[in-house]
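Numbering (this note's numbering), first residue to last: 582 to 992. For glycine and all other residues, C-beta sits at the position ideal for the given N, C-alpha and C. All of these numbers come straight from a predicted model, not from anything done at the bench. Before any comments, here is the structure.
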Amino acid sequence: MDTNKLSELLGGWEGYRLGTVGRASQVEQRGEKPEIWIELHPDPQHPRRCGGCGQVVAAIHETTERWIRDLPILDADTWLLVHRVRVKCPECGPRVEQLDWLDARARFTRRFADSVVRLAALLPIKQVAQFYDLHWETVKRLHKEHLQRTLGPPDLTGIEVIAMDEFAIQKGQRYATVVVEPYRKQVLWVGRGRGREDIRPFYELLGAEGRARLKAVVMDMNGAYEAEMRAQCPQAEAVFDLFHVVAKYGREVIDRVRVDEANRLKHDQAARKVVKGSRWLLLRNPDNIKRDEDRVRLAELLAANRKLAKVYILKEDLKQLWDYRHVGYAWRFWLDWYRRAIRSRIEPLKTFARRLKEKIDGVLSHCRWPLHTSLLEGINNKIKVIKRMAYGYRDDEYFFLRIRDAFPGIP
Ligand SMILES: [Zn+2]
């Protein structure tokens, strides 16, 4: 078979014919990965298109040699020496010709870049770079360009409910805000900061009509998110999410009581150590405590310490408030919970209950907007994974594109 026929059959290099083909054998003797070089000459029969306007141009301005990386052939790294055509376009002047398999200034074929991008969606950039023997930055750039090309502007039409959450960009040094459509599970917007003026661009993007249509915003009890929502969409309801309220309870009640109890027990070193080391057990959802020994430890701790037992039980009970779908029943449950908290004689718990009482409308509004409470928690966890995968490069724009890409929405 004619080698050019074979190349065509394998989906080779449209518009070009094979020249010299070589293999670097000395590299293999050194135990390195084999390399194949393929020289490609422009096929004189093939019509050439201008890279500027796309029209077929007969006049060739010049050809220039370029080394282009392609996908490996049977495990040999493959390099093409392309005699790249520049046409003399009557409209645009001298221009690099347009090809389906190679972009104008690219040093890789399109299928090579696509392959890098597919892998970059699954593996940390460092490993993709090692696999293809590329620089970290090259992999990142290829992936970023792909995301910029493929992720169009988000569709903001018809949106009635959004969820809004903050996340740390660098070890809690800087923050960003993510806005999600909770039914489609689509990330609509990501922006730096977590203050009122930081999230204002999202509301501007939504437009006057979109703002007027918005019915509810699921959020943390962060004052800035709520204040901006009230200013931009006075008709919308704030809905406080279980994940955040329970996390706040953990910090402001359980952690406080645990530290106080550990200090109180300073004459009983063994008991003190148990209390001090119990943070994880107390904050964890009990369904996620799998090991029997941890369950026993928790039961013993709660049996031995009345205060910790009380704040622990009230934490688990508080979560039930998000199970209600009827505001009247939820309200009665809340009043009972509040009474127990106030009578507990545990100061951090009383303070927490009083503060939550001021915001209780935002908790009860969950009955009208019963969104899955783990949504924001799930997005938060996924963002942490993306951060690890893209670790080592401080490019917020790329980071944000990856977050949008991870939640494209259910059509
Ligand atoms: Zn042209």
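Check: residue i C-beta below 7 Å from any heavy atom of ligand 1
i           : result
residue 814 : no
CB-CB length for residue i against residue j, believed under 8 Å
i           : j           : result
residue 729 : residue 956 : With 8 Å as the limit, residue 729 and residue 956 do not qualify as a contact, their Cβ atoms being about 27 Å apart.
residue 723 : residue 697 : 5 Å
residue 842 : residue 856 : 5 Å
residue 649 : residue 690 : 6 Å
residue 839 : residue 862 : Not a contact, Cβ separation roughly 10 Å.
residue 664 : residue 678 : Not quite, the Cβ-Cβ distance comes to about 11 Å (not below 8 Å), so this is no contact.
residue 768 : residue 984 : 6 Å
residue 604 : residue 585 : Not confirmed; about 19 Å, so no contact.
residue 623 : residue 596 : 7 Å
residue 794 : residue 990 : Contact flag wrong, Cβ pair sits at about 18 Å.
residue 613 : residue 662 : Actually they do not touch by this definition, with Cβ atoms about 20 Å apart.
residue 827 : residue 900 : 6 Å
residue 688 : residue 676 : About 19 Å; that fails the 8 Å criterion.
residue 971 : residue 706 : 6 Å
residue 682 : residue 594 : 6 Å
residue 950 : residue 823 : Incorrect: roughly 12 Å between the Cβ atoms, too far for contact.
residue 566 : residue 870 : Because the chain is modelled from 582 through 992, residue 566 falls outside the range shown and cannot be assessed.
Bridge partners - residue i, DSSP secondary structure assignment
i           : result
residue 622 : 598
residue 659 : 617, 651
residue 785 : Partner(s): none; residue 785 has no beta bridge.
residue 760 : 745, 770
residue 670 : 674
residue 664 : 646
residue 630 : 637
residue 818 : 797
residue 605 : 616
residue 712 : BP columns for residue 712 are empty, so no partner.
residue 734 : Per DSSP, none; premise fails for residue 734.
residue 689 : 650
residue 705 : Residue 705 is not bridged to any residue.
residue 929 : Beta-bridge pairing links residue 929 to no other residue.
residue 989 : 767
Residue i CB to nearest heavy atom of ligand 3 below 7 Å
i           : result
residue 615 : For the structure depicted, ligand 3 is absent and the ligand set comprises only ligand 1.
Taking three-plus beta-carbon pairs below 8 Å as touching, is the segment 633 to 641 in contact with the segment 663 to 674? yes
Residues whose Cβ lies closer than 5 Å to any heavy atom of ligand 1, in chain order: 631, 633, 634, 670, 672, 673
So, does the segment 729 to 741 touch the segment 771 to 781, judging by three or more C-beta pairs under 8 Å? no
Are the segment 812 to 826 and the segment 907 to 914 touching by the rule of at least three beta carbon pairs closer than 8 Å? no
Within the chosen definition, does the segment 742 to 758 reach the segment 796 to 810 through at least 3 CB pairs nearer than 8 Å? yes
Determine contact between the segment 882 to 895 and the segment 913 to 930, defined as no fewer than three beta-carbon pairs at a distance below 8 Å. yes
Below 8 Å, how does it come out for the segment 651 to 658 and the segment 622 to 634: are there three or more Cβ pairs, yes or no? no
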